[in-house]
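Let me begin by presenting the structure, written as structure tokens, before commenting on it.
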Amino acid sequence: MFEGKTILITGGTGSFGRMYVSRLLREHKPAKVIVYSRDELKQFEMAQVYDAPQMRYFIGDVRDGPRLKQAMDGVDYVIHAAALKQVPAAEYNPFEAVKTNIGGAQNVIEAALDAEVEKVIALSTDKAANPVNLYGATKLASDKLFVAANNMVGRRRTRFAVVRYGNVVGSRGSVVPFFRKRIAEGATTLPITHPDMTRFMITLDDGVAFVLKNFARMQGGEIFVPKIPSMKMTELAAAMAPDLTQEVVGIRPGEKLHEVMCPADDSHLTLEFDDHYVIKPSIQFAFSVDFTRNALGETGAPVPQGFAYDSGTNDQWLTHEDFLKMAEAAGA
């Protein structure tokens with residue numbers, strides 16, 4: 027579906043954007059791929075690797091609505107990946123996170139409507155479900171904006187959806203490279219925030235594949251959630267360094283014991299498909315959609331009342347061997 031199309035990725039110089047561009051160029055034949063971001067050094071470095079004739083690099087910030095509108099002229103599909111993502115940084119600089127993650131989301135929506143983009147997918151996070159930190163709260167607001175944007179389309183073809191997934195193995199700021207560094211430096215212990223803490227785990231490649239497929243699945247207004255495995259942090263540490271002692275250091279501010287991707291409060295809106303869940307919009311749109319059957323013909327069914335998709339009660343768990351294979355595949 028990307029053949030001959032123009033795709034724009036906000037925050038495109040990040041790890042997700044680089045992987046997405048790699049797959050688009052390798053597996054499809056897009057007319058143009060536009061990387062939209064504010065860091066000229068990262069764009070320069072990325073252009074040394076991805077220099078295909080379809081590539082375009084636009085300097086710009088999602089806070090800048092007029093620049094976004096320029097960049098989206100003639101664009102068919104948008105992936106909104108730009109965000110301030112670090113929990114401590116958002117707690118210390120709260121309004122900066124609000125301006126980028128909420129104001130920037132609205133700018134993307136308005137620019138996409140103005141350019142009559144066909145489809146927009148915004149990347150979310152497990153931290154947006156029942157948020158306990160500012161980053162999660164801003165991403166919840168962003169999710170709500172993108173879902174509600176489908177009520178603003180009028181006669182336009184534009185449709186908006188959201189993809190929400192868990193921790194990306196080996197991504198910047200994640201625990202895996204932190205533990206690798208500690209081990210390489212000869213540490214005798216690994217810090218564990220809580221002995222019962224769990225997290226959802228996904229590779230970047232799987233996350234990108236999920237987003238790509240949801241462009242074909244989406245009808246507008248969905249929050250897509252992949253079915254992915256969980257792992258206890260104590261087991262992750264034991265898999266990486268079985269001989270090292272684990273030191274419990276306490277949960278950090280803004281951290282949860284377990285992450286949720288489909289909250290129990292949304293169970294009446296949640297549909298289960300073979301390999302993913304869909305949270306339906308809580309509002310009615312001017313256009314009619316049967317969310318139990320997606321654009322690919324896959325069918326889903328309502329989950330039981332009170333169901334929550336939680337990393338602590340998940341029915342898929344990574345063994346040590348599974349995790350090490352996942353980390354190796356991710357280059358972590």
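Everything in the sequence shown is counted per this note's numbering, starting at 27 for the first residue and increasing by one.
Beta carbons are placed, not taken as given, at the ideal position from N, Cα and C, and that holds for glycine.
All values reported here derive from a predicted model rather than from experimental measurement.
- request: State the CB to CB distance for the pair V274 and H220, rounded to an integer number of angstroms; the pair is presumed to be in contact (CB under 8 Å).
  value: For this step, residue 274 is matched to residue 248 along the sequence shown. For this step, residue 220 is matched to residue 194 along the sequence shown. Right, the Cβ-Cβ distance comes to about 7 Å (below 8 Å), so this counts as a contact.
- prompt: Is it right to say S308 is buried, meaning 16 or more other beta carbons lie within 10 angstroms of its own, or is it exposed?
  reply: Working through the sequence shown from its first residue, we reach residue 308 at position 282. Its Cβ having fewer than 16 others within 10 Å, S308 is exposed.
- prompt: How far does the beta strand (DSSP E) with V286 in it reach, from first residue to last?
  reply: One-based indexing of the sequence shown puts residue 286 at position 260. Segment 286-288, the beta strand (DSSP E) holding V286.
task: Figure out for me which residue from D231, S41, G247, V195 has the closest Cα to the Cα of A312.
output: Start at 1 with the first residue of the sequence shown, and residue 312 comes out as number 286. Nearest of D231, S41, G247, V195 to A312, Cα basis: G247.
Whole-number beta carbon distance between R182 and E142, since they are thought to touch under 8 Å: In the sequence shown, the residue the question calls residue 142 occupies position 116. In the sequence shown, the residue the question calls residue 182 occupies position 156. Correct: roughly 5 Å between the Cβ atoms.
message: What does DSSP give as the partner residue(s) for H302 in the beta ladder?
response: Numbered from 1 along the sequence shown, position 276 holds the residue referred to as residue 302. In the DSSP output, where bridge partners are listed per residue, H302 has P252.
message: If I measure Cβ to Cβ from L51 and keep anything under 6 Å in the same chain, skipping five residues before and after, which residues do I get?
response: As a position in the sequence shown, residue 51 is number 25, starting the count at 1. Answer for L51: A78, listed in chain order.
- prompt: Does the region 232-251 come within contact of the region 169-188, defined as at least 3 CB pairs closer than 8 Å?
  reply: yes
- request: Over the uninterrupted alpha helix (DSSP H) stretch that includes K95, give me the two end residues.
  value: Walking along the sequence shown from the start, residue 95 turns up at place 69. Note, K95: alpha helix (DSSP H), 91-97.
- request: Could you say if the region 125-133 and the region 219-233 meet the contact criterion of at least three C-beta pairs nearer than 8 Å?
  value: no
field: V251: CB within 7 Å of a non-hydrogen atom of the ligand NAD
entry: No copy of the ligand NAD appears in this structure; indeed no ligand is present at all.
task: Kindly confirm or deny that the region 316-334 and the region 258-267 touch, where touching means at least three C-beta pairs closer than 8 Å.
output: no
message: Using 8 Å for Cβ pairs, my map puts G130 next to V88. What's the rounded Cβ distance?
response: As a first step, residue 130 is located in the sequence shown; it is residue number 104 there, counting from the start. As a first step, residue 88 is located in the sequence shown; it is residue number 62 there, counting from the start. 3 Å between Cβ atoms; contact.
field: Own chain residues within Cβ distance below 6 Å of A148, not counting five before or after
entry: Taking the first residue of the sequence shown as position 1, residue 148 is located at position 122. Here the set comprises H106, F172, V188.
message: Comparing C-alpha positions only, which one of P268, G233, Y46 sits nearest to P252?
response: Stepping through the sequence shown from its first residue, residue 252 is reached at position 226. For P252, the nearest C-alpha among the options comes from G233.
message: Three or more C-beta pairs under 8 Å: does that hold for the region 31-50 against the region 67-83?
response: yes
- request: Find out if the Cβ-Cβ distance for the pair L34, I60 is shorter than 8 Å.
  value: Counted from its first residue, the sequence shown places residue 34 at position 8. Counted from its first residue, the sequence shown places residue 60 at position 34. In this structure, I60 lies closer than 8 Å to L34 by Cβ.
field: Exposure of G332, with buried meaning 16 or more beta-carbon neighbours within 10 Å
entry: By one-based count along the sequence shown, residue 332 stands at place 306. When all chains shown are included, G332 counts as exposed.
query: Starting from A148 and walking both ways along the beta strand (DSSP E), at which residues does that stretch end?
result: Looking up residue 148 in the sequence shown gives position 122. Its beta strand (DSSP E) spans residues 145-149.
- prompt: Leaving out five residues before and five after R64 in sequence, what residues of the same chain have Cβ atoms less than 6 Å from its Cβ?
  reply: In the sequence shown, residue 64 corresponds to position 38, counting from 1. D87, listed in sequence order.
query: Hey, does N177 have any beta-carbon neighbour from chain D nearer than 8 Å?
result: This model lacks chain D altogether, as it is built from one protein chain only.
T39 versus L110 - alpha carbon distance: If you number the sequence shown from 1, residue 39 lands on position 13. If you number the sequence shown from 1, residue 110 lands on position 84. Cα-Cα distance, rounded: 14 Å.
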